[in-house]
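Each protein sequence line maps, in turn, to chains A and B. For the first sequence, the working numbering begins at 11 and goes up steadily by one. For the second sequence, the working numbering begins at 113 and goes up steadily by one.
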Amino acid sequence: MTWVNAVVHGILLGGLYALLATGLSLMFGVMRIINLAHGSLALLGAYMAFLLVEHAHISAYLALVPVLPGALVVGYVLQRTVLERSLRSGMLVPLLTTFGLLIVIGNLLQEFFSPDVHSLDPGAIGPAAWRITSRLSIPAFDALILGIAILVLFLLQLVLTRTQIGRELRATAADPDAAELVGVDSRAVYARATAIAVATAALAGVFFAMRSTFDPTSGPTQLIYAFEAVVIGGMGSLWGTLAGGIVLGVAQTVGAQIDPQYFALAGHVVFLAVLVVRTAVESGGLRVRLRGATT
Amino acid sequence: MSAVAAPAPAARVERWTRLSGGFTVLLAGLVVLLAFGPVLWSENALNNLIQLYFLVVLAVMWNALAGYGGLVSVGQQAFIGIGAYAVVFLSLQHSLEPYLAMLLATLIGAAVSIPVAAVVLWLRGGAFAIGTWVVAEAFAILVSLDPNPAIGGGTGTSALIPFNTRYTPEQRLHYTYWASLGTAAVLLAILFVLLRSRLGASLQAIRDDEGAAASVGVRVLLGKGVLFVLAGAGCAAAGALILAWQLSIQPLGPDSVFGVNWSAKMIFMVLVGGLGTFEGPIIGAIVLYLLQTYVSSSGVWYFVMLGAVAIGFALLLPRGIWGTLQERFNVQLLPVGYRLRGRA
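Have a look at this one:
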C-alpha cells in the first residue's frame, strides 16, 4: 500500500510539473525556442507574491490577483525588448540570452531577498488530506494544484481553438511567413504567447512556493523539472505535458519511496531513459527489429 | 587555330599570411616564455595565471562545441566535476601521484563523454542545452550520494593530503602552473590541427546548416561526437586543474565544481571574445580574468554582471570583440580557414 500511496502522490505532484511546463511548451510550440529563464520567471512570481504577503498582509491566493497581470506584462515586455531581437539572430542567440536572464534573475533575487529559505502559507488546505486507509492518503493541496493545472490546460486549449488570438497563434506556429501574408502580425503574436507563458509560470511558481520551501537558487531546478515533463510528454503538445508531468512526478515519489535521496535522481534517470528509448525508435533500430519480427 | 589560354585566376586561395605566420610563431614563443614563469614571477602572479590558463581551456572547449558544432551546452560542468573528483579518487583513495591522476582524469572525462554523447547528441538546440544540464545534475547527485569517505558525499572533499604529502606548497604551485599552461597549449594545438583538417571543414558546414551538410555527405554525428569528446576531456582537465588550484571541492550548489556558474563563465567568455572564432575565447578568458582580478571574483553582482554583459553581447555584438575586429580589419592571426586574395 505504501507503493500505491507513492504513485498517487506522484500523480498529484505531476499537476505542479504540468503547470510549470505549460508555458515552456507553449513558447516552444509557437516560437521553437526553449526559454531557459522559465524556471527563474516562475520563481520571480513566487517572490512577488511573497513580497505582497509580507508587506500587504494578504493571503498568497489573493496575491495572485496582482501577480498574474504583472507576469503578463513582464512576459510581453520581455518578448518585445529581448527575445524578439534574439529570435532574429538564429538558433543559438535565444538560448544564450535566456541563459543570461536565468543568471541575472537568480542573483538579483539573492541580492534583494537574501539566500534564506522562504515559503508561502497555503492556508487550512495545506496539511489537509483525505485518509483512504492508514497507509493511503490523498493530500488536498496537491489535488487542488492538479485541478488547477487541468483547468489551465483546458482554458488554453479553448483559447487556442476557439478565439481569434488562438487561431493567429496556431497559424504563426505553423508558418510565420504565411501567417504574415494573411495579415497576422507575428511579433504581436509572439509577445502574447510569451505573456501567457510567463503568467502560467508565475501561477506555477506561487503554488510551488506554497507547497514547499524556495530560495533564490530554486529557479534552475524548476526549469529542469518543467523541461523533463515537456520532453517525456512529447515536445510542444499541451496534454502531453500533463502526461509527462505525471510520469516525472511518479518517478520522483517512487524513487523517494526507495530512499528519500533518490527523489530528483529518479526523475533524471527516467527522463534520460525516455530519451534513449525514443532515440532508438526514431533512428530505426527498434522499428526494424519489430518489423522483422512480424514478417 | 589559336590555342585559347586559360584565363589567369583573378584570386588565389591562401591559408598562411605573413601576419598569421608571424603571429603563430610569436604565440609559440610566448608559451615558451610563460613556461619560465616560476623563475620570473611572484607566487601571487603564478596563482593568477593558473586561473587564466584554466579559464582559457574552458572558453576554448565551450567555443569548440557552440562555435564550431552549434551545440550550446549548459552542462559542461559535469566534466569539470568528474575531472576534479577523479583526481581526488585516484590520488586519495588509490595513492596515485596527483599529477599522473590529473592526466588520467582527463582520459576519464573523454571516456565518460562517449556514452553521454550517445544520449544527448540526438537532441537539438535548447533540448540539447537542458539535456546536458540534466546529465550534470545527475552526476552531481550521484557523487553527493557516494558513501565513500574519500569522495565525502554532499559535504565535499579535499586533495590536501595527497598533494601535501608529496610536495611543498611551492612545488605544488609550480607544477600546477606548468600543468595548466601545458594543458591550455596542448588543447589549443589539438583544436587548431583539428579545425584545419578535413573534419574542421565538415564541422563548420554542420554549424552553418546541419541538413545541407548531411545532404552532401558530411557525417554529422561523427563530427559532433569528436567535438563532444574533446570538450569532455578538456573540461575534465580544467576540473583537475581547478582541484589542484583550490584543493577542496563540493558537489552541490551553483558555486560547486558541478555548479551551473561554470556555464555562465564559459558563455560569458565566448560571447565577449567572439563565438566561432579561434582567437575569441582566449580574449574572452583574458577579459574575465581581468574582471575577476581587478573588479570582483565572486558575489551576487559579479554574476549579475556576467549574465547582463553576455545578454548585451548576444544581442548587440553577436560576433564578440574578436569577430567584430576581424570583420572590420580582415585579419586572422591563427589561420584555421582559407582566404581569397585578389591578384595585384
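For each residue, glycine too, the CB sits at the ideal point set by N, CA and C.
Boundaries of the alpha helix (DSSP H) in which residue i is found, first to last residue
i, result
"A:A52", "48-65"
"B:I226", "210-232"
"A:T231", "228-243"
"B:A262", "Taken as a continuous stretch (DSSP letters only), B:A262 belongs to no alpha helix (DSSP H), as it is neither H nor E."
"A:M7", "Residue 7 of chain A is absent from the model: chain A starts at 11 and stops at 305."
"A:H278", "273-292"
"B:Q163", "155-175"
"B:Q438", "432-441"
"B:F390", "Run containing B:F390: none; DSSP gives neither H nor E here."
"B:A67", "Lying outside 113 to 456, the shown extent of chain B, residue 67 of chain B is not represented and no answer is given."
"B:Q444", "Careful: B:Q444 lies outside any alpha helix (DSSP H) and carries neither H nor E."
"A:V264", "248-268"
"B:Q316", "310-320"
"B:S375", "373-385"
"B:F370", "Run containing B:F370: none; DSSP gives neither H nor E here."
Host beta strand (DSSP E) of residue i (start-end)
i, result
"A:P149", "147-149"
"A:A139", "139-141"
Within 8 Å, strictly: CB atoms of residue i and residue j
i, j, result
"B:I395", "B:W434", "yes"
"A:P230", "B:V372", "yes"
"A:V264", "A:G20", "yes"
"B:Y180", "B:A291", "no"
"B:L94", "B:G265", "Past the boundaries of the shown model lies residue 94 of chain B; chain B is included only from 113 to 456, so the question cannot be answered."
"A:P76", "A:L62", "yes"
"A:T251", "A:V127", "no"
"A:L26", "B:G237", "no"
"A:G85", "A:A209", "yes"
"A:G7", "A:A239", "As displayed, chain A neither begins before 11 nor continues past 305, which places residue 7 of chain A out of reach and without an answer."
"B:L311", "B:V332", "no"
"B:I263", "B:G221", "no"
"A:A212", "A:G24", "no"
"B:F166", "B:I354", "yes"
"B:Q189", "B:A248", "yes"
"A:A205", "A:L30", "no"
"A:A139", "A:P132", "no"
"B:V172", "B:L303", "yes"
"B:V200", "B:P363", "no"
"B:L170", "B:A350", "yes"
"A:T107", "A:S96", "yes"
"B:A178", "B:L387", "yes"
"B:A296", "B:V168", "yes"
"A:L36", "A:A198", "no"
"A:A219", "A:L130", "yes"
"B:V369", "A:N117", "no"
"A:A50", "A:L112", "What sits at residue 50 of chain A in the sequence shown is Ser, not Ala. Cβ distance < 8 Å, so A:S50 and A:L112 count as in contact."
Exposure label - residue i; buried when at least 16 CB within 10 Å
i, result
"A:A184", "exposed"
"B:V144", "exposed"
"A:T304", "With a pLDDT of 42 at A:T304, under the threshold of 50, the predicted position of this residue should be treated as unreliable, and no value is reported."
"B:G335", "buried"
"B:G344", "buried"
"B:N260", "exposed"
"B:Q444", "buried"
"B:V246", "buried"
"A:T182", "buried"
"B:H206", "exposed"
"A:N45", "buried"
"B:P227", "exposed"
"B:W174", "buried"
"B:R127", "exposed"
"A:I155", "buried"
"A:I268", "exposed"
"B:I253", "buried"
"A:H48", "buried"
C-beta neighbour in chain D for residue i, strict 8 Å
i, result
"A:G110", "Note that chain D does not occur in the displayed structure, where the protein chains are A and B."
One or two residues paired with residue i in a DSSP bridge
i, result
"A:H128", "A:F224"
"B:S360", "B:S270"
Distance cut-off 7 Å: residue i Cβ against heavy atoms of the ligand COA
i, result
"B:S309", "No copy of the ligand COA appears in this structure; indeed no ligand is present at all."
Legend entry - Residues in the stretch 69-102 of chain A having any Cβ partner in chain B nearer than 8 Å: V92, R95, S96, S99, M101, L102
Inset, instruction - Check each residue of the stretch 420-431 of chain B: if its Cβ is closer than 7 Å to any Cβ of chain A, include it; give the result in chain order. - result: A420, A422, I423, A426, L427, P430
Legend entry - the stretch 208-232 of chain A: positions lying closer than 7 Å to chain B by Cβ: T227, P230
Inset, instruction - Would you list, in chain order, the members of the stretch 233-250 of chain A that have their beta-carbon closer than 8 Å to a beta-carbon of chain B? - result: L233, I234, F237, E238, V241, M245
Legend entry - Interfacial residues, the stretch 148-167 of chain A to chain B, with Cβ spacing under 7 Å: none
Inset, instruction - Give the residues from the stretch 118-148 of chain A that approach chain B closer than 7 Å (Cβ to any Cβ), ordered along the chain. - result: L118, Q120, E121
Legend entry - Residues in the stretch 36-49 of chain A having any Cβ partner in chain B nearer than 9 Å: F38, R42, I43, I44, N45, L46
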